[in-house]
Amino acid sequence: DQNRLGVLGQGSILALTSVATRTSPVNRGKWVLNVLLGTPAPTPPPNVPPLKENGDGENALSVRERMEAHRANEPCRSCHKIMDPIGFALENFDAIGSWRTLDAGNPIDPSGKLVDGSQLNGVKGLREALVRYTPQFTRVATRHLMTYALGRGAEYYDMPTIRAVATEAGRSNNRFSAIVMGVVKSPQFQLRVKSDEKPSTSTNIELGVKALLSETSRVNAAVFDISTENEIVIDRLSGTTASYQNAGQTK
Numbered sequence: 005d006q007n008r009l010g011v012l013g014q015g016s017i018l019a020l021t022s023v024a025t026r027t028s029p030v031n032r033g034k035w036v037l038n039v040l041l042g043t044p045a046p047t048p049p050p051n052v053p054p055l056k057e058n059g060d061g062e063n064a065l066s067v068r069e070r071m072e073a074h075r076a077n078e079p080c081r082s083c084h085k086i087m088d089p090i091g092f093a094l095e096n097f098d099a100i101g102s103w104r105t106l107d108a109g110n111p112i113d114p115s116g117k118l119v120d121g122s123q124l125n126g127v128k129g130l131r132e133a134l135v136r137y138t139p140q141f142t143r144v145a146t147r148h149l150m151t152y153a154l155g156r157g158a159e160y161y162d163m164p165t166i167r168a169v170a171t172e173a174g175r176s177n178n179r180f181s182a183i184v185m186g187v188v189k190s191p192q193f194q195l196r197v198k199s200d201e202k203p204s205t206s207t208n209i210e211l212g213v214k215a216l217l218s219e220t221s222r223v224n225a226a227v228f229d230i231s232t233e234n235e236i237v238i239d240r241l242s243g244t245t246a247s248y249q250n251a252g253q254t255k
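Each number in this note's numbering comes from the position in the sequence shown (counting from 1) with 4 added on.
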């Protein structure tokens, strides 16, 4: 199913970014911006009214129609134009991630335009638009992995190392293994090891790689695999088949 490829089609993510009774284009847009691209959406102004829900006896409106009315005026419009197109592209997935073509009896319109001008038409178009941000995604993925490895949030003084790891991984077609090796070789990770008898650097690296690969293989390490033909892209995000030509194997 082309609609289910990658993390954007995972039911867990779609349910997580919904509210109790309906989808939330805002939450889904914010999740993509923050978690995949590392670009948090602006903080909403105070006293913003909640989205109007459909009342009994009224003509039921789709979530998109209600959102269009909600963001018709400032200060809502400037923020929502960043998040909403991403969320609208995922509207064919309901609040628990099931595929649908109608919302409140109205046909779903998953089209939109990102702030960079990219035209969207559903989840497939969103994947294709996000593939262009592969370097940014790689840096964010490295930061997330560094956070997990260190057991703390990444700070400003960690960013040179994170950028260096991501740049070095780019020379290896952004393979996940290259990101792991970069993290476990970093001073931040190496200097966290404490014991009565300090292990050697090679031991630190071996232990670090085993620990990170063991955990990330359980939680979907393949999300960070990237490559299609000769162009670097996000494998699981774009839903394409990664081909590691240098290794002589196809994943």
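Ideal placement from N, C-alpha and C gives every residue a C-beta, glycine not left out.
Taking 7 Å as the cut-off, the Cβ atoms of ASP113 and VAL67 do not count as close. One alpha carbon belongs to ASN38, the other to HIS148, and they sit about 11 Å apart. Per the coordinates, the alpha-carbon of GLU72 lies some 27 Å from the alpha-carbon of SER16.
Under the DSSP assignment, SER16 falls in the alpha helix (DSSP H) whose first and last residues are 15–20. Annotation note: the segment 88–150 contains the following uninterrupted beta strand (DSSP E) runs of length 3 or greater, listed N- to C-terminal: 115–117 and 123–125. DSSP, reduced to helix, strand and coil, places ASN31 within a helical segment of the structure shown.
Take the alpha-carbon of MET150 and the one of GLY91: they are about 28 Å apart.
In the same chain as PRO89, and ignoring 5 residues on each side of it, the C-beta atoms closer than 7 Å to its own belong to GLY116, LYS117, LEU118 and LEU124, in chain order.
In this structure VAL11 is buried. Its beta-carbon is surrounded by 16 or more other beta-carbon atoms within 10 angstroms. The beta-carbon separation of ILE166 and ALA158, rounded to 6 Å, stays under the 8 Å limit for a contact. In the structure shown, the three-state DSSP call for LYS189 is helix. The alpha carbon of ASN110 has as its nearest neighbour, out of LYS85, SER22, LEU41 and ARG70, the alpha carbon of ARG70. Distances from the alpha-carbon of SER102 to those of ARG131, LEU41, SER22 and GLU57 put SER22 closest. Between GLY13 and TRP35, the alpha-carbon positions lie close to 13 Å from each other. Around PRO49, the same chain offers PRO79 as residues with beta carbons nearer than 6 Å, after the five sequence neighbours per side are excluded. Rounded to whole angstroms, GLN192 and ALA76 show a C-alpha spacing of 47 Å.
A distance below 7 Å between beta-carbons, with the five flanking residues on each side excluded, links ASN58 to the following residues of its chain, in chain order: ALA64, LEU65 and ALA108. Taking C-alpha positions only, LEU134 is separated from GLU62 by approximately 38 Å. Excluding sequence positions up to five before and after SER181, its CB lies less than 6 Å from no other CB in the same chain. Rounded to whole angstroms, the Cβ separation of THR142 and GLY174 is 7 Å, and the two are in contact under 8 Å. In the three-state reduction of the DSSP assignment, ALA76 falls in the coil class, being assigned neither a helical nor a strand state.
A direct Cα-Cα distance of roughly 8 Å separates LYS56 from HIS74.
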